[in-house]
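Visitor: I have a structure here, written as structure tokens, and I will follow up with some questions on it.
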Amino acid sequence: MAYLDHAATTPMLPEAVREMTAQLPLAGNASSLHSAGRRARRAVEESRERLAAALGARPSEVVFTAGGTEADNLAVKGLYWSRRAADPARRKLLVSPVEHHAVLDAAHWLADHEGAEIVWIEVDGHGRVRPEALRAAVEHADPREIALITAMWANNEIGTLLPVPRLAAVAAEFDIPLHSDAIQAVGQVEVGFDHPGLAAMTVSGHKIGGPYGVGALLLGRDQTPEPLLHGGGQERDVRSGTLDVPAIAAFAVAAELAAERRGEFAARVAGLRDELVTAVRTAVPDAVLGGDPDPAGRLPANAHFSFPGCEGDSLLLLLDAQGIQASTGSACTAGVAQPSHVVLATGADPTLARGTLRFSLGHTSTAEDVTEVAKVIGPAVERARTAGLS
Amino acid sequence: MTDSTVPPGRLRVLAAMSGGVDSAVAAARATEAGHEVTGVHLALSANPKSFRTGARGCCTIEDSRDARRAADVLGIPFYVWDMAERFREDVVEDFVAEYEAGRTPNPCLRCNEKIKFAALLDKALALGFDAVCTGHYATVVTGEDGARELHRASDMAKDQSYVLGVLDERQLAHAMFPLGDTLTTKEEIRAEAEQRGLAVAKKPDSHDICFIADGDTQGFLARRLGVAEGDILDEDGNRVGGHEGAYGFTVGQRKGLRIGHPAADGKPRYVLDISPVENTVTVGPREALDVVGLTAISPRWCGTPPQGPGTYTAQLRAHGGETTVTAELVAERLEVDFTEPVRGVAPGQAIVLYDGTRVVGSATIARTRRPERVGG
């Protein structure tokens, strides 16, 4: 068995499991005033401080959510609503076309229901937004009419890194908030919230060795998004709901370890990734590496390929039968793999976009995983080609 | 995948799972028989994002989820394959074109011929599978000469060999129907599903055409083909009523003719003929539906085509009875004579020939022959 789908979810770190299991039996609502509540509150606030420290943020900038999707929705919808309320002319959303569906679909929903206008920011052939492209898009759209800019830190499919601090600087010049989904980047590359212009940043627990169902939106203190959830007024009145103390505590532990171990982890998985890329290219010489070929421009744990003449789901089935667990990287509609919008955005041929495969490494990956892929990828691609693009 | 890793008798089976109870139990039985089973749900609708209420079908997101859940319970891998484009071209468009030409197609048969045992089977074989398994009630046996034969299901009441009559020997060689030898009622299949922990045990049966969500075939055809007003004529060519599209009728149909005044004899009238070129529908008394023979085209044989005339039993529509015929292949056309006159034979439907329980072959009905009418 080779689990090479860490970008989908990665096993919890033992330290995070320990923290979570220690918290689970303890009673206490972090909003209660009695001693049990105070204990819970303390655990949450300590976690907030740890998470903030790991991500270059202030504790007051951490808004805990029930995961990355919620944080993305809160940023995109919440900031659109509050910015438009302050000035009705602000109806434009500047969106990179390689965003995760949690951002894309939130933007589409605003366009369909709330009068928003989506303006796509141009990306290059690696799926990267250049600061010049952002500047051109802002100027062309008219900065006064822009509610929000959103550009992810690292792409979840092809692994390309976006220069978020430089994009944030452009946004700051025009005084427009920038949101960045940094879910895939944390623990692999240097990620920090302390950049002028960066108004909101999404992080998630289960992609970094923390639990499922917890995430956070780092939110500048001057940002007051309209809440998605109304209720008890927790989390700066931006995100109501009883705080999930065990998940938050374990998330903070995972985030702290991700920051602490980043250098060593990135070097190790980059080494494995390079071996994997070499192995695949040796077995399948016409495989096309997705994203930035420069290792400095991509996530160290990501290897993304397009295999001409193959359907991604055929490859997935064949590899699964051999114990290799990977992903096509793209989203599904009713379980049907769609050509990846990310690969299409890089200008690739639509037929090529159907034959994609993403291998993503993580803290449990080993050299044996790479060896297993090297063994089976050639025959699997050959067989998938026979099955063709029916 | 190398074939050397497959132990003898243990096959790599791709189970087509619609999300219904039959295909789930079929996959369960194939798994239990020791085969290495992988489940696949075919996404056949161009817009699978909708939940369907009321009439059941086979291509909604809910069905996909039910199929996945059944595969999870069986502990087998499960995938969804998008065959919507092929299905639209080979089944839906064919369905519309056939009605437009005044014929009455059977889309399930076309789906088996072009999708399940063609597009799906070809992809399965290319990916290293040995067989495709479905929840059809029919039996495949190996004959004395080693050839694969398709037979009626053990339970004649549930037999679905008619819609599989289009399969040739190669397709049959890779077909697996684990429900075919079942002498059990549908209730017992449901009980078996329940006992296996399959949540689809209580799911209603699908009866309707899966790509017509609301079950309204006439409405579907009207949307596709538009309104084309024309005349309803009696056997002598007199106008007795009007219609909004000749495609909306089937030979043998009695209801929905909306003829203003009754026939001279006061008896109900039936659709005798549809003429798409003149856009007319001819009606007449029940007796006039009698046919004594037919010509069928595009024959497909489960094995060697028969030489010379032969006597067979024939089935002329799904869930139809058997009738005795003599049939002969003449220049790729099947000429059929009925021993006794048969009523309500609709061009476009398939005629499936049987030798006992064995399916010999099938062809698409092109023309019917009426008896010489005394004084007519």
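Protein chains in written order, with UniProt numbering: chain A, 1 to 390; chain B, 1 to 376.
Positions of the beta carbon are idealized from the N, C-alpha and C atoms, including for glycine.
Every value quoted in this text rests on a predicted model; they were computed, and no experiment measured them.
Does B:G356 get closer than 9 Å to chain A when you measure Cβ to Cβ?
Guide: Closer than 9 Å: no.
Visitor: Since B:D82 sits in a beta bridge, which residues does DSSP pair it with?
Guide: Looking at the DSSP assignment, B:D82 forms a beta bridge with B:A43.
Visitor: If you compare alpha carbons, which of A:L344, A:I324 and A:Q338 is closest to A:L4?
Guide: The residue with the shortest Cα to Cα distance from A:L4 is A:I324.
Visitor: Is A:H179 helix, strand or coil when you go by DSSP?
Guide: Strand.
Visitor: Output, in chain order, the set of chain B residues within a Cβ distance shorter than 9 Å of A:D313.
Guide: Under the 9 Å cutoff, chain B gives Y79, V80, W81 and D82.
Visitor: Please report the distance separating the alpha-carbon of B:E244 from that of B:Y137.
Guide: Distance between the alpha carbons of B:E244 and B:Y137 is about 38 Å.
Visitor: Using DSSP's beta-bridge definition, name the partner residues of B:T368.
Guide: Paired residues: B:L294.
Visitor: So A:T386 contacts chain B; which residues on that side make the cut at Cβ distance below 7 Å?
Guide: The contacting residues are A126.
Visitor: Could you give the distance in angstroms between the alpha-carbon of residue 396 of chain A and the alpha-carbon of A:A2?
Guide: The question about residue 396 of chain A has no answer, for chain A in this structure spans 1 to 390.
Visitor: So, for A:A52: in the same chain, excluding its five sequence neighbours on each side, which residues have a beta-carbon less than 7 Å away from its beta-carbon?
Guide: Result list for A:A52: R58, P59, E61 and V62, in chain order.
Visitor: Nearest-angstrom Cα distance between A:A116 and A:G291?
Guide: Answer to the nearest angstrom: the Cα atoms are 30 Å apart.
Visitor: Kindly indicate the opening and closing residues of the alpha helix (DSSP H) around A:L104.
Guide: H101 to H113 is the span of the alpha helix (DSSP H), which, as asked, contains A:L104.
Visitor: Comparing the C-beta of A:D320 with each C-beta of chain B, is any distance below 9 Å?
Guide: Cβ-Cβ to chain B under 9 Å: yes for A:D320.
Visitor: If you draw a straight line from the C-alpha of B:A153 to the C-alpha of B:E229, how long is it?
Guide: Taking the straight line from one Cα to the other gives about 44 Å.
Visitor: Report the three-state DSSP secondary structure of A:M20 (helix, strand or coil).
Guide: In this structure, A:M20 counts as helix in the three-state DSSP scheme.
Visitor: Under 8 Å Cβ-Cβ, which residues of chain A neighbour B:K203?
Guide: In chain order: nothing, as chain A lies at least about 18 Å away.
Visitor: Less than 7 Å between C-beta atoms, sequence neighbours within five positions excluded: which residues of the same chain meet that for B:G356?
Guide: Counting only Cβ-Cβ distances below 7 Å, and skipping sequence neighbours, we find nothing.
Visitor: Along the chain, where does the beta strand (DSSP E) that runs through B:C133 open and close?
Guide: Where B:C133 is concerned, the enclosing beta strand (DSSP E) stretches over A131 to C133.
Visitor: Skipping 5 residues on each side, what residues in its chain have a beta carbon closer than 7 Å to that of B:E278?
Guide: Answer for B:E278: no residue qualifies.
Visitor: For A:V284, which residues in the same chain have their Cβ closer than 7 Å to its Cβ, ignoring the five residues on either side in sequence?
Guide: So the qualifying residues of the chain are F307, I377, G378 and V381.
Visitor: B:G165 lies in the alpha helix (DSSP H); which residues open and close that run?
Guide: Taken as a continuous stretch (DSSP letters only), B:G165 belongs to no alpha helix (DSSP H), as it is neither H nor E.
Visitor: What is the rounded straight-line gap between the Cα of A:A111 and the Cα of A:Q184?
Guide: Cα to Cα, the separation comes out at about 26 Å.
Visitor: So the alpha helix (DSSP H) A:P131 belongs to, where does it begin and stop?
Guide: Where A:P131 is concerned, the enclosing alpha helix (DSSP H) stretches over P131 to A141.
Visitor: On the three-pair Cβ rule with 8 Å, is the region 79 to 86 of chain B touching the region 319 to 330 of chain B?
Guide: The region 79 to 86 of chain B, when compared against the region 319 to 330 of chain B, does not touch it at the 8 Å Cβ threshold.
Visitor: Measuring only between beta-carbons, confirm whether A:R358 sits less than 9 Å from chain B.
Guide: So, not an interface residue.
Visitor: Could you spell out the range, first to last residue, of the alpha helix (DSSP H) harbouring B:I61?
Guide: Run containing B:I61: I61 to L74, per the alpha helix (DSSP H) assignment.
Visitor: Return the chain-ordered list of same chain residues with a C-beta closer than 6 Å to the C-beta of A:A259, the five sequence neighbours on each side being excluded.
Guide: Once the five neighbours on either side are set aside, the close Cβ partners of A:A259 are A54.
Visitor: So with Cβ pairs under 9 Å, would you call A:R83 a contact of chain B?
Guide: Chain B, which has no Cβ nearer than 9 Å to the Cβ of A:R83, makes this no.
Visitor: Buried or exposed for A:I149, please, with buried defined as at least 16 other CB atoms from any protein chain shown within 10 angstroms of its CB.
Guide: With 16 or more Cβ atoms within 10 Å of its Cβ, A:I149 is classed as buried.
Visitor: Who pairs with A:V44 in a beta bridge, going by DSSP?
Guide: According to DSSP, which records beta bridges pairwise, A:V44 is partnered with nothing at all.
Visitor: Mind listing, in chain order, the continuous beta strand (DSSP E) runs of no fewer than 3 residues lying wholly within the region 111 to 189 of chain B?
Guide: Here the runs fully enclosed are 131 to 133, 138 to 142 and 148 to 152.
Visitor: Output the boundary residues of the alpha helix (DSSP H) element that contains A:I121.
Guide: Note, A:I121: premise wrong, no alpha helix (DSSP H); not H, not E.
Visitor: So A:L344 contacts chain B; which residues on that side make the cut at Cβ distance below 9 Å?
Guide: Those within 9 Å of A:L344 in chain B number zero; the least Cβ separation is about 17 Å.
Visitor: From the DSSP output, in three-state form, read off A:Q184 for me.
Guide: Three-state DSSP puts A:Q184 in coil, outside helix and strand.
Visitor: Mind checking if B:T31 is an interface residue toward chain A, Cβ cutoff 9 Å exclusive?
Guide: Cβ-Cβ to chain A under 9 Å: no for B:T31.
Visitor: Do A:E19 and A:A250 have their beta-carbon atoms positioned less than 9 Å apart in this structure?
Guide: In this structure, A:E19 lies closer than 9 Å to A:A250 by Cβ.
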